[in-house]
Amino acid sequence: DRLYVFGGGERGAEPVRDRQLHVFDTATLTWSQPDVHGDPPSPRQGHVVAAVGTKLFIHGGLAGDIFYNDLFCIDINDLKWVKISATGDVPGGRAAHSSAVFKDHLYIFGGINPDGALDTTYKYHIEKQQWTLLQFDSPLPPGRLDHSMCVIPWRASAGSEKEDSNTEAVTCEDKTGKGATVSVSDTAASPQKSQKEKAGAEDTVMHLLLIFGGMNTQGEIHRDCIVSLIE
199 DRLYVFGGGE RGAEPVRDRQ LHVFDTATLT WSQPDVHGDP PSPRQGHVVA
249 AVGTKLFIHG GLAGDIFYND LFCIDINDLK WVKISATGDV PGGRAAHSSA
299 VFKDHLYIFG GINPDGALDT TYKYHIEKQQ WTLLQFDSPL PPGRLDHSMC
349 VIPWRASAGS EKEDSNTEAV TCEDKTGKGA TVSVSDTAAS PQKSQKEKAG
399 AEDTVMHLLL IFGGMNTQGE IHRDCIVSLI E
């Protein structure tokens, strides 16, 4: 029942100088600025904020020509900022990227750095505090920024006699070599089709990382939708 806001842009690439956490109460329709502890992130814009339980994670962003790759966490119970010293394939500085959370992992994709738009995907293990660069067996999508990303459940029918004609195999693996492939259809199974499935067959619910839209550094708008199976 609360909305948390930190940082943001003021003019051009410059962020607001405010390092305060702002909280909007949806029940009373009021804003507040609670007293926090610890050292908050430096002023920035284009960062991502992801909620995991009672914790808020802030990654990246930029201020002027400085791109940040740091990761911060604040627990809304004690309101204490903590800068996390992560290990593994720590992503470089970036802004205008996207984030999503599934189980014990935080995912980020794309964004922009001094070299241009990015096409890489990372996952962060929240308990182990470790980053992993995801590797794909298919060509990477065009680099992009200012896109959206979310995790959606996908019900795969186990008893279908044949696959829908509009399917696409998507495979994702990390550096450990573990991977999985899912056939993704753009047409949902109808109730009639489900009734024709073999008796006793059970549907399997998988989860897909879905990325939509964005743009490149030349102003080209992307209208594609990218999906990847996550564990």
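For the record, in the sequence shown the residue sitting at position 86 is 284 according to the numbering used here, with numbers rising by one throughout. Every residue, glycine too, gets a C-beta built ideally from N, C-alpha and C.
Legend entry - Neighbourhood of residue 207 by C-beta distance below 8 Å, restricted to the same chain and skipping five residues each side: 213, 214, 243 and 244
Legend entry - Contacts around residue 404, its chain only, beta-carbon distance under 7 Å, and the 5 residues preceding and following it disregarded: 352, 354, 380 and 427
Inset, instruction - Helix, strand or coil for residue 295, going by three-state DSSP, please let me know. - result: coil
Inset, instruction - Inspect the beta-carbon positions of residue 288 and residue 329 and report whether they are closer than 8 Å. - result: yes
Inset, instruction - Kindly indicate the opening and closing residues of the beta strand (DSSP E) around residue 345. - result: Neither: residue 345 is in no beta strand (DSSP E) and is coded neither H nor E.
Inset, instruction - Would you mind stating whether residue 151 and residue 306 have Cβ atoms separated by less than 8 Å? - result: What the structure shows of the chain is the stretch from 199 to 429, and residue 151 is not part of that stretch, so it cannot be assessed.
Legend entry - C-beta contact flag for residue 273 and residue 281 at 8 Å: no
Legend entry - Between the CA atoms of residue 199 and residue 225 - distance to the nearest angstrom: 7 Å
Inset, instruction - Take residue 265 as the anchor and find which of 409, 286, 254 and 240 has the nearest alpha-carbon. - result: 240
Legend entry - Span of the beta strand (DSSP E), counted from its first residue to its last, around residue 428: 423–428
Inset, instruction - Taking only beta-carbon positions, decide if residue 236 is within less than 8 Å of chain B. - result: Of the protein chains in the structure, only one exists, and it is not chain B.
Inset, instruction - On the DSSP bridge assignment, give the partners of residue 334 in chain order. - result: For residue 334, which the question treats as bridged, DSSP gives no partner whatsoever.
Inset, instruction - Using three-state DSSP, classify residue 225 as helix, strand or coil. - result: coil
Legend entry - Enclosing beta strand (DSSP E) for residue 420 [first to last residue]: Element bounds for residue 420: n/a, residue is neither H nor E.
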